[in-house]
Structure formats: structure tokens, C-alpha cells
Amino acid sequence: MKTRFLSLLFFAACLLGTSTLAFAGDAEVYLQAKQAYQTRNLPQLAEATEALKQRRSPLLPYLQYWQMILTMDQLSYYQVQAFLQENNESLLSQRVRELWLKRLGRVQFWDQFVEMRAQMPMYYSINDTGNQCYQVQAGIALDDPNAYEDGKKLLLAGKDFPADCQGMMEALQQVGVLDEKLLLTLYRDALFSNKTGLAKVLAKRSSKTDNSLSRQIDDVAQNPALALKKGSIQERSGYGRALYMYAIHRQAKADLAVAKTSYQKYSGFLDNDEKQLVQAYMALEAARKHEPEAMQGFAKVNTALLSSEQWEWYARSALRQQDWHQVLKVINEMPAALAEESAWRYWKARALIAKGQVAEANQILAKLSQERHFYGWLAAEDLGPVAGEPMATYQPGDDEVRQFAKQPAVKRMEALFDVEARYEARLEWMYLLEALDDSTRIVAAQYALLKGWYDLAVLAADKTSRTHNFELRYPTPYRDYLQKASRSRAIDEAWVYGIIRQESRFMHYAKSSVGAGGLMQVMPATAKWIAKKLGLNGYHDGMLHDIDTNVNLGTYYMRYTLDTFNGQEVMATAAYNAGPSRARRWAANAPLEGAIYAETIPFSETRNYVKKVLANAHMYAPRLGLPMLTLKKRLGTIPARSTADAENVTTTISISEQE
58 MKTRFLSLLF FAACLLGTST LAFAGDAEVY LQAKQAYQTR NLPQLAEATE
108 ALKQRRSPLL PYLQYWQMIL TMDQLSYYQV QAFLQENNES LLSQRVRELW
158 LKRLGRVQFW DQFVEMRAQM PMYYSINDTG NQCYQVQAGI ALDDPNAYED
208 GKKLLLAGKD FPADCQGMME ALQQVGVLDE KLLLTLYRDA LFSNKTGLAK
258 VLAKRSSKTD NSLSRQIDDV AQNPALALKK GSIQERSGYG RALYMYAIHR
308 QAKADLAVAK TSYQKYSGFL DNDEKQLVQA YMALEAARKH EPEAMQGFAK
358 VNTALLSSEQ WEWYARSALR QQDWHQVLKV INEMPAALAE ESAWRYWKAR
408 ALIAKGQVAE ANQILAKLSQ ERHFYGWLAA EDLGPVAGEP MATYQPGDDE
458 VRQFAKQPAV KRMEALFDVE ARYEARLEWM YLLEALDDST RIVAAQYALL
508 KGWYDLAVLA ADKTSRTHNF ELRYPTPYRD YLQKASRSRA IDEAWVYGII
558 RQESRFMHYA KSSVGAGGLM QVMPATAKWI AKKLGLNGYH DGMLHDIDTN
608 VNLGTYYMRY TLDTFNGQEV MATAAYNAGP SRARRWAANA PLEGAIYAET
658 IPFSETRNYV KKVLANAHMY APRLGLPMLT LKKRLGTIPA RSTADAENVT
708 TTISISEQE
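Written out as C-alpha cells, the structure is:
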């Protein structure tokens, strides 16, 4: 009976006389099917599925997938396998596998779970935490000797654990892997990550806690100062002491002086390692606030207790002070995997140069200069004109592009764009790219560019590792609009392209989760302020997605930030992302190299944004036929804070309304 479930649904729909979709277009059928799925109307969804099946529509797998989600508990193994074979190696086949894996995990059919997991392509990673937990649980059940270590690594990854992970945690606890020491460590890490829900789940697994702890966690999360003042924390237990640490950590984020006072008052409740952890977190917050005392704070802590984030800010604190001896020392001592990241290889080389160890520095720079990113280009400039490994480039032919366009996945993407299912199309594209080599990714980028899918073209060209095509990686759509606006505002067109590539990947219809819209991702409130300044009568938020209007507003704001910071492009870029007051606050008391300013921006989003925008602009200048600046010259020197303050800059635009 189960194997005929979906067919019977369609038969029932036909008996009801719901055949109007036979005359509707694919787009209309898809949209009605999506509504039926969202309202759990299985008969209507079955009818729509049959209509697209008769037409062999490339959208059919989506409707079948929705049916499978709604009927997962009634499906058989053979029905699932039939869908997987028919849609082999597609994004939807992997989604169905993940859903089926979760069902198998819940009923503990471990042999089938392992068999299904083995069908996943090597390049496909299961990101669902529940299925990761079931994979560990399957390994434990089938006596895989690696399962316990895999489970421990998953626990230490700091993820939130859904209900699907309870079986794994129970199994690990029974064999002693998840012991009291690890539970307390995980609980403490969850608190410091502000994951109070996870902290409560972990605490309940301990034999050394009671129900009052959950209330205490909530008290500290809501008001750490009041929780400390009430004195209701059970300081004798490790879990209670962790709450003292969490409270002080929370205070340090807001006010270091208050946190120090609390630490002095309550440190007597903590053991030596706990004191060290609190000091490390206070040093981290001091480093983020660019306080000079951060260096001394880190120096007092046992480095074995430092997290990766704390190591990085230890190095940034030394970098901020341009203490090259300390920069080199910290990078040499940080965990090897962290020290191998491109940023720290670059700054290690710079520290070696400052110490006169040029030959050793050049060995690092030579390898780094072959990598196509911000630090790679900085390394190449530091290294100077030397012979290196030639960079492979590839230009796809027309026939290659035509053959690529015939793939079922590509046809499905075209159909998804036709029904404005852009999010689904983008996910399909990202999945498709994982299986391609560099040359085929460039073919894909060329196809996307011809279709006007600029964001997808950039995604494809950006993923190449050894063979590249920088015309596709840095496309120049909307040149008429951008050239006109750049000239009228007297700003660098390469910088404008750099901003847009990072903000929207040239999607004029883009809208962020916070409401920013259009090519230049202008916030609605900012857009209204600018529109008023420009005298745009009748302006409304819908105009943000008009290309000409959006570019006009965005370039006006770029000119504003540039004027605010006396032409300093790095600070202006930081201001475009995080606001002028923050960009100004991040300046130092002495002049600072632009690359160091960018590296020590406290917000990771803005830090990465600034580096990517400036690297984009560096690559766009020759593409646009503009004068070529070195990346270092573009980064420039950040003036000391005393001369970067708003009162001391010349600006043609009022600042007060934007802050």
C-alpha cells in the first residue's frame, strides 16, 4: 500500500475533478504547487506534480521533493531510491538523502543509515547537526573505533544540539567519553558563546547540578550586574563558578572597568585555571576595544588556555602597537593550523622583514604571492618583480558553453529563474559547482554571464584554485550607470565596482536581512536621508531596486564617507559598512598603516568587508582602463585619531544626520 501512496493521492485528486492545472503554464503550476505544499494540501500538490510530469518539466523534481517531505513517514526505502536514481547527483537528491538519514537515525536502522551515507558524493558535506550526531551514533552501534573520537570532536565544535543528538550524547556519556570534566568544559564554552539554551541542556546531563541552575543562567544572561549583586549563584560547584566567569565576561563586553571591579571582588571563588580564563576573556575584549593593556593581559595568561580567537587578537594587539618582535613571537606560538592561515603567514613575513630576516620572509611571501586574494597581492607587492610560477588562465569556447547549458541541472536552474525562485536556483548552482574542475567552473561562469546571472558568474569564477579567468571573476555590468555616477561624484569607479561586487554581486533585486536593497545595498533610512538631500521628490523604498536610483544614492553616500575621512578610502569603506562613528573610533593615536587598520577592525564582518572591497578595487582598476595603484598605496596611511575626528575633517556633507 505504501508504495502506491502518491499515485493514490493523484487518483483521488482526479476523482475530485481538480484538473484545471492541465491548462496552466509551468510557472503557474509551480507556484500553485508551492502554495499547496506550504498549506499541506496533498491532493492539489499531487495534481500539480502529475501535470508537470506529463510535460517533462525541469521543475518536476521540486514538486516530487515537496511531496516526499510531506509524506516521509509513509514512504518506503524503494520509493526513496527511485527518486534518488531518477535525480542522481542533484541537490534535491542530497536533500532527500539527508531527510531519509534522519528518519533512519530516529528509528535506529544503523545498517541502512551507513549504506545511505555511503551514497553521498565525496565533495558533499552533511551540515545538519542532527545527522552528524546520528552518524556518530551509528558508528558506536556498529563498533567503529573512530566513532568516539568523532563524537568528541563534534561536541567540542560548539554547535547547538537538537533533539536528534540526545541519543549520541547518551551513548558517549555511558562509555565515559562525555564525562563530568568534558561536560563542564562544554557548558562553560556554551556560556561564553552566549548559547544559554545549549548550556542548560549540558548542565542537565551533569549529576552535580539541580533545577535552580537554569534560573541562575537566565538571571546572568539578562542582567549580570544584578545577578552578582543578589549573590544567589552557587559558587561551590564548577557550574556556579562558570556563571561568575560568564557574568564578568558579559560585563567586559560592555565596560572593562566594571568587569575588572567584579573580577577583583569575586575571583576568590575561582580556581587558578578559571582565573586565567577570565583574564583571557578580559584581554580579548580589551584587544577588541584597542586598549593597550590587552598585550599585558594576554601575556599573563597560560597560552595553553587561549582560544583561536584570543590568539588572533593577541597578534592583532601586537600588530596594532607595531611591536614586530611580539607579532613574530605570538604567531610562532599560536596553533600550527591557525598560523598557516594566509593573514598570519603574511604578518609573520612582515615581522621578519622588520627584524632584518629578509631571506626567510621572502620564502613565505613567494608562496603567498601565488594565492589570489588580499594577502596574496600584498605579498606580491612586498616581494617585488621576481619570476614566479606562471598563472594559468582559461578562456572557454562557445561550444563548451552550449554543451554546459544542456545539463539537466542547468535547465532546472533556468526554469527556477523563470518562476523567480532565485534562492533555489542559487543553491542548485553552488551544489553544481562543487563537482566541477577549474576549467568547467570557468565555462559555468561564462554561461552565467551570458544569461545575466552576474552573481552566479562571480561565484563560479571565484571558486577556481589554480586556473583562473579574472574577466569573469570581476565582471563589469552596468558600466554606463557606474561610470556616469563615479564621474559626477568624482570618486574612483574601481572602488564603486569593488563595493558593489561585495555588497550584491550585481544583483539589482538583492535585499539583505536588515532591509538594505539594490546593487549598492543602501539602507532604507539612509536612502531617504540622501533622497532628501538630493531633492528626489516622491522617493519611496521601492525605488531602491531601480538601478539608476540605487547607484545615485549609493555613490552619494560613498562621496560622503570619503569627504568625512579626507579621502582615506579604507576608512570610508569601513564607514560604508559599519557607520562613520565606528570607522573614526577604530583609528589609533598615531598614524597607522592602512593594512594594519583593516586587520584590527573589531567587527569580523567589517574587517573582511574592507579587505575584500579594497582587493576588488585593486583588480577592477586595470579592467576598467583606470590608472593602476598598488594595493598598499590604495590602503594608504590612516591618520592619528586626533586628526581623524569629525571636528577636524573637511566635509561637504553634514555628518550629524547619519550618525
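The numbering used here numbers the first residue of the sequence shown as 58 and each following residue consecutively. By construction, the Cβ of each residue, glycine as well, lies at the ideal position given by its N, Cα and C atoms. Note that the coordinates shown come from a computational prediction; the quantities given were computed from them, not determined experimentally.
According to the Cβ coordinates, are Gln124 and Ala139 closer than 8 Å?
no
Can you have a look at Thr687 and say buried or exposed, based on whether 16 or more other CB atoms are within 10 angstroms of its CB?
exposed
Sub-8 Å separation of Thr450 and Ser496 beta-carbons
no
Quick check on the DSSP output: the alpha helix (DSSP H) that includes Ser271 runs from which residue to which?
269-279
Could you check whether Tyr677 and Ala551 sit closer than 8 Å to each other, using their CB atoms as the reference points?
yes
To which residues of the same chain is Lys216 closer than 7 Å at the C-beta, ignoring the five residues directly before and after it?
Thr186
Out of curiosity, what's the CA-to-CA distance linking Ala482 and Ser147?
12 Å
With DSSP collapsed to three states, give me the class of Thr612.
helix
Look up Val579 in the DSSP assignment and give the residues it is bridged to.
Gly574
Proximity to Ala344 [Cα-Cα], best of Trp368, His430, His565:
Trp368
In three-state terms, what does DSSP make of Thr253?
helix
Could you give the distance in angstroms between the alpha-carbon of Gly196 and the alpha-carbon of Ala220?
19 Å
Rounded to whole angstroms, what is the Cα-Cα separation between Ala444 and Asp312?
Any reading at Ala444 is ruled out, since the residue's pLDDT is 47, under 50, leaving its predicted position unreliable.
Could you check the C-alpha separation between Glu560 and Met577 for me, to the nearest Å?
6 Å
State yes or no: is the C-beta of Thr583 within less than 8 Å of the C-beta of Tyr614?
yes
Contact check, Arg469 vs Pro115 under 8 Å by CB: the rounded distance?
4 Å
Identify, in the order they occur along the chain, each residue of the same chain with its Cβ nearer than 7 Å to the Cβ of Asp207, setting aside the five sequence neighbours on each side.
Val193, Gly196
For Pro648 versus Ala697, is the C-beta spacing smaller than 8 Å?
yes
For Tyr726 versus Asp603, is the C-beta distance shorter than 8 Å?
Residue 726 lies beyond the residue range present for the chain, which begins at 58 and ends at 716; the question has no answer from this structure.
Helix, strand or coil: how does DSSP classify Glu650 here?
strand
Status (buried if at least 16 other CB within 10 Å, exposed otherwise) for Lys286:
exposed
Go ahead and pull the three-state DSSP assignment for His565.
coil
With burial defined as no fewer than 16 other Cβ atoms inside 10 Å of the residue's Cβ, what is the status of Ala256: buried or exposed?
buried
In angstroms, rounded to a whole number, what distance separates the CA positions of Ala635 and Val579?
12 Å
With distance defined between alpha-carbon atoms, name the residue in Asp267, Ser264, Glu650, Gln291 nearest to Val277.
Gln291
So the alpha helix (DSSP H) His30 belongs to, where does it begin and stop?
Examination of residue 30 is not possible in this model, given that the chain is present from 58 through 716 alone.
Buried or exposed for Ser543, please, with buried defined as at least 16 other CB atoms from any protein chain shown within 10 angstroms of its CB.
buried
So Leu211 and Asn188 are in contact, right, with Cβ under 8 Å, and what is the actual spacing, rounded?
No, Leu211 and Asn188 are not in contact; Cβ-Cβ is about 11 Å, not under 8 Å.
Leaving out five residues before and five after Leu127 in sequence, what residues of the same chain have Cβ atoms less than 8 Å from its Cβ?
Tyr94, Arg97, Leu99, Leu102
Rounded separation between Lys568 and Asn526 - CA only:
28 Å
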